[in-house]
Amino acid sequence: MSELGPDLIIGAVSIFTAGITMAIGSIAPALGEGKAVAEALNAIAQQPDEAPTLTRTLFVGMAMVESTAIYCLVVSMILIFANPFWEYFIGKAGG
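Last residue of the sequence shown: number 95 in UniProt numbering, and the count goes up by one each step with no gaps.
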């Protein structure tokens, strides 16, 4: 069996970490958005006159919740395509 080089190990760990980041980082916003929509629909059903205000507040809140998932996507892309640890660890392993 051939020896695994540091670049292969770093690449594998980066891809695994990016996948875990996206998995965990997308579960919480999805649950939060579902709960927000359910509560907004409940509030609109109880007070139909306040629907425009509730809808506006709901959209602003959902955009803020969705930003968490977008940050996780950015971190995943950095880990896969612009990993700052590649140069450091390969330099340490090489010399």
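We put the beta carbon where it would ideally sit given N, CA and C, even for glycine.
Less than 8 Å between C-beta atoms, sequence neighbours within five positions excluded: which residues of the same chain meet that for residue 71? Position 71 of the sequence shown, counted from the start, is the residue given in the question as residue 71. 25.
If we ignore side chains and look at the alpha-carbon of each, how far apart do residue 60 and residue 33 end up? Looking up residue 60 in the sequence shown gives position 60. Looking up residue 33 in the sequence shown gives position 33. The straight-line gap from Cα to Cα measures roughly 11 Å.
DSSP three-state assignment for residue 73, whether helix, strand or coil: Position 73 of the sequence shown holds residue 73. Note: residue 73 maps to helix in three-state DSSP.
Alpha carbon to alpha carbon, what distance is there between residue 22 and residue 88? Stepping through the sequence shown from its first residue, residue 88 is reached at position 88. Stepping through the sequence shown from its first residue, residue 22 is reached at position 22. Rounded to whole angstroms, the separation of the alpha carbons of residue 22 and residue 88 is 25 Å.
Taking 9 Å as the threshold (C-beta atoms), are residue 81 and residue 10 in contact? Numbered from 1 along the sequence shown, position 10 holds the residue referred to as residue 10. Numbered from 1 along the sequence shown, position 81 holds the residue referred to as residue 81. No. Outside cutoff.
Can you tell me whether DSSP reads residue 5 as helix, strand or coil? By 1-based counting over the sequence shown, the position of residue 5 is 5. Residue 5 falls in the coil class under three-state DSSP.
Could you give the distance in angstroms between the alpha-carbon of residue 4 and the alpha-carbon of residue 91? Residue 4 sits at position 4 when you count from the first residue of the sequence shown. Residue 91 sits at position 91 when you count from the first residue of the sequence shown. So the two alpha carbons sit approximately 16 Å from each other.
Alpha carbon to alpha carbon, how far is residue 78 from residue 38? Give it in angstroms, no decimals. As a position in the sequence shown, residue 38 is number 38, starting the count at 1. As a position in the sequence shown, residue 78 is number 78, starting the count at 1. Answer to the nearest angstrom: the Cα atoms are 34 Å apart.
Can you tell which of 7, 30, 15, 12 has its C-alpha closest to the C-alpha of residue 69? As a first step, residue 69 must be located in the sequence shown, where it is residue number 69. Per the Cα distances, 30.
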